[in-house]
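The block underneath contains the structure these notes are about, expressed in structure tokens.
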Amino acid sequence: MTHAPLRSRGQAHAPLRSTGQAHAPLRSTGQAHAPLRSRGQAHAPLRSTGQAHAPLRSTGFYAFVAGFVAFCLAPFVWTFLTSLKGPTTIYEVPIRYLPTPPDLINYREIFGLDRFRWALLNSTIVASSATAISLVIGSLCAYAIARLNFPFKNLLLALVLAIAMFPGIAIIGPLFREFNAWGLTNNYLALILPNVTFTLPICIWTLTAFFSELPSELEESARVDGCTRMQAFYKITVPLSAPGVFTAAILLFIQAWNEFLFARTFMSQPNRLTATVAIAQFEGADIAAQYPWGQITAASIVITLPLVILVLLFQRRIISGLTAGAVKG
Numbered sequence: 011m012t013h014a015p016l017r018s019r020g021q022a023h024a025p026l027r028s029t030g031q032a033h034a035p036l037r038s039t040g041q042a043h044a045p046l047r048s049r050g051q052a053h054a055p056l057r058s059t060g061q062a063h064a065p066l067r068s069t070g071f072y073a074f075v076a077g078f079v080a081f082c083l084a085p086f087v088w089t090f091l092t093s094l095k096g097p098t099t100i101y102e103v104p105i106r107y108l109p110t111p112p113d114l115i116n117y118r119e120i121f122g123l124d125r126f127r128w129a130l131l132n133s134t135i136v137a138s139s140a141t142a143i144s145l146v147i148g149s150l151c152a153y154a155i156a157r158l159n160f161p162f163k164n165l166l167l168a169l170v171l172a173i174a175m176f177p178g179i180a181i182i183g184p185l186f187r188e189f190n191a192w193g194l195t196n197n198y199l200a201l202i203l204p205n206v207t208f209t210l211p212i213c214i215w216t217l218t219a220f221f222s223e224l225p226s227e228l229e230e231s232a233r234v235d236g237c238t239r240m241q242a243f244y245k246i247t248v249p250l251s252a253p254g255v256f257t258a259a260i261l262l263f264i265q266a267w268n269e270f271l272f273a274r275t276f277m278s279q280p281n282r283l284t285a286t287v288a289i290a291q292f293e294g295a296d297i298a299a300q301y302p303w304g305q306i307t308a309a310s311i312v313i314t315l316p317l318v319i320l321v322l323l324f325q326r327r328i329i330s331g332l333t334a335g336a337v338k339g
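With the numbering used here, letter number 1 in the sequence shown gets 11, and the count goes up by one each step, no holes.
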């Protein structure tokens with residue numbers, strides 16, 4: 011009977027349970043944090059404000075790009091407009107930027123010069139020959155570097171790149187003495203050989219990246235079918251690397267076409283000059299017009315136009331050629 015108070019005391023703990031139940035307001039207090047979430051949701055206007063600045067940022071970016079492009083194109087536009095001016099308007103003060111009316115007399119005059127027509131032919135022969143020779147030699151070298159494992163391969167590539175960075179004027183004296191002793195001055199070989207030397211590193215570097223990306227199993231399967239290594243190279247590797255070969259050809263042709271130093275040094279006969287040298291030797295009719303800017307600008311447009319046409323026609327191939335070799339996986 012004496013234990014009954016204990017039970018009643020145990021029952022006295024019921025208020026504790028009810029006290030435990032008294033924590034329910036705490037849960038409801040936890041539910042009271044909902045306004046905090048709503049406050050977090052109140053930041054949505056900040057995000058929309060950031061998004062509101064996006065058009066301004068994009069407008070500023072495009073304005074900067076447009077200004078930069080206009081700055082780069084301004085010399086070419088000025089050259090083209092000047093080439094359309096006649097001899098009476100080209101030296102007017104103040105300057106009239108728009109030719110009114112356009113005149114093609116400068117183009118008729120330069121195409122009437124035998125030395126300029128010879129210069130275009132010489133530039134075409136030298137640039138095409140140097141490009142073809144560099145592609146043949148460079149593709150074989152790049153294939154050997156990509157497929158063969160030998161010591162100091164990376165060092166060899168570094169040396170090849172160093173040749174491309176070597177200034178041509180540093181060897182112009184020894185080359186002139188050698189070509190003069192061999193009777194190669196005023197000869198196409200005097201321009202083709204140096205151009206091949208300085209365009210070959212670009213070809214090797216470009217094609218090595220492409221050949222390295224191609225799986226060697228394709229060539230091995232061709233050799234199993236009876237092809238030699240050279241046949242597998244020309245029938246399998248080169249066609250699959252067509253974007254890289256085409257890109258290298260365009261880059262080599264542009265570099266050889268724009269070459270000036272060797273052509274100015276090794277060629278002295280008027281019918282052996284290249285286009286870049288022929289333009290530099292244009293002379294005016296008198297001292298007042300010592301430099302015929304109309305003919306110079308017209309000739310500059312003529313020798314630049316083939317390169318622009320090549321790039322515009324084959325820009326997709328050029329872009330794919332420059333990027334495909336860098337993609338892995």
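Beta carbons are placed, not taken as given, at the ideal position from N, Cα and C, and that holds for glycine.
Quantities reported herein were computed from a predicted structural model and do not represent experimental measurements.
(1) Are the stretch 213-221 and the stretch 235-253 in contact at 8 Å, needing three or more beta carbon pairs?
(2) Taking the alpha carbon of Thr98 as the reference point, which residue from Leu315, Leu317, Leu323, Pro302 has its own alpha carbon closest?
(3) Locate the alpha helix (DSSP H) running through Arg187, then write down its first and last residues.
(4) What residue range is occupied by the uninterrupted alpha helix (DSSP H) comprising Ile319?
(5) Using a threshold of 8 Å, state whether the C-beta atoms of Ala5 and Val255 are closer than that.
(6) Which one of Ser310, Ile260, Thr275, Ile212 has the shortest CA to CA distance from Arg326?
(7) Since Leu108 contacts Ala285 with CB under 8 Å, what's their CB separation in whole angstroms?
(8) Assuming Gly148 is part of the alpha helix (DSSP H), what are its boundary residues?
(9) Taking the beta carbon of Thr69 as the centre, do at least 16 other beta carbons fall within 10 Å, making it buried, or is it exposed?
(10) According to the Cβ coordinates, are Phe276 and Thr195 closer than 8 Å?
(11) Quick one: any contact between the stretch 137-153 and the stretch 121-129, if contact means 3 or more CB pairs under 8 Å?
(12) Between Ile120, Tyr117, Ser93, which lies nearest to Thr110 when the distance is taken from Cα to Cα?
(13) So which of Leu201, Pro225, Thr307 has the shortest CA-CA distance to Ile100?
(14) Taking DSSP as the reference, what is the three-state secondary structure of Phe160?
(15) So the alpha helix (DSSP H) Ile260 belongs to, where does it begin and stop?
(16) Report the three-state DSSP secondary structure of Arg282 (helix, strand or coil).
(17) For Arg239, tell me which candidate among Pro253, Thr89, Ala154, Cys213 has the shortest Cα-Cα distance.
Working from what's here:
(1) Yes, the stretch 213-221 touches the stretch 235-253.
(2) Reading the sequence shown from its first residue, position 88 is the one you call residue 98. Per the Cα distances, Pro302.
(3) For this step, residue 187 is matched to residue 177 along the sequence shown. 182-192 is the extent of the alpha helix (DSSP H) around Arg187.
(4) Residue 319 sits at position 309 when you count from the first residue of the sequence shown. Counted as a single uninterrupted DSSP element, the alpha helix (DSSP H) harbouring Ile319 occupies residues 303-323.
(5) Lying before the first or after the last residue shown, residue 5 is absent from the chain, which here runs from 11 to 339.
(6) On the sequence shown, residue 326 is found 316 positions in, with the first residue counted as 1. Comparing Cα positions, the closest option is Ile260.
(7) Indexing the sequence shown from 1 puts residue 108 at position 98. Indexing the sequence shown from 1 puts residue 285 at position 275. Not really, about 28 Å apart at Cβ, beyond 8 Å.
(8) Residue 148 sits at position 138 when you count from the first residue of the sequence shown. Looking at the DSSP string, the run of the alpha helix (DSSP H) that includes Gly148 is 124-157.
(9) On the sequence shown, position 59 is the one that residue 69 refers to. By the C-beta density criterion, Thr69 is exposed, having fewer than 16 other C-beta atoms within 10 angstroms.
(10) As a position in the sequence shown, residue 276 is number 266, starting the count at 1. As a position in the sequence shown, residue 195 is number 185, starting the count at 1. Yes. Within cutoff.
(11) Counting Cβ pairs under 8 Å, fewer than three are found: no touch.
(12) Looking up residue 110 in the sequence shown gives position 100. Considering only alpha carbons, the answer is Ser93.
(13) Stepping through the sequence shown from its first residue, residue 100 is reached at position 90. For Ile100, the closest C-alpha among the options Leu201, Pro225, Thr307 is that of Thr307.
(14) For this step, residue 160 is matched to residue 150 along the sequence shown. DSSP places Phe160 in coil when its eight states are reduced to three.
(15) On the sequence shown, residue 260 is found 250 positions in, with the first residue counted as 1. That run of the alpha helix (DSSP H) goes 252-267.
(16) For the purposes of this step, residue 282 is identified with residue 272 of the sequence shown, where counting begins at 1. If DSSP states are grouped into helix, strand and coil, Arg282 belongs with the helices.
(17) One-based indexing of the sequence shown puts residue 239 at position 229. Among Pro253, Thr89, Ala154, Cys213, the Cα nearest to that of Arg239 is on Ala154.
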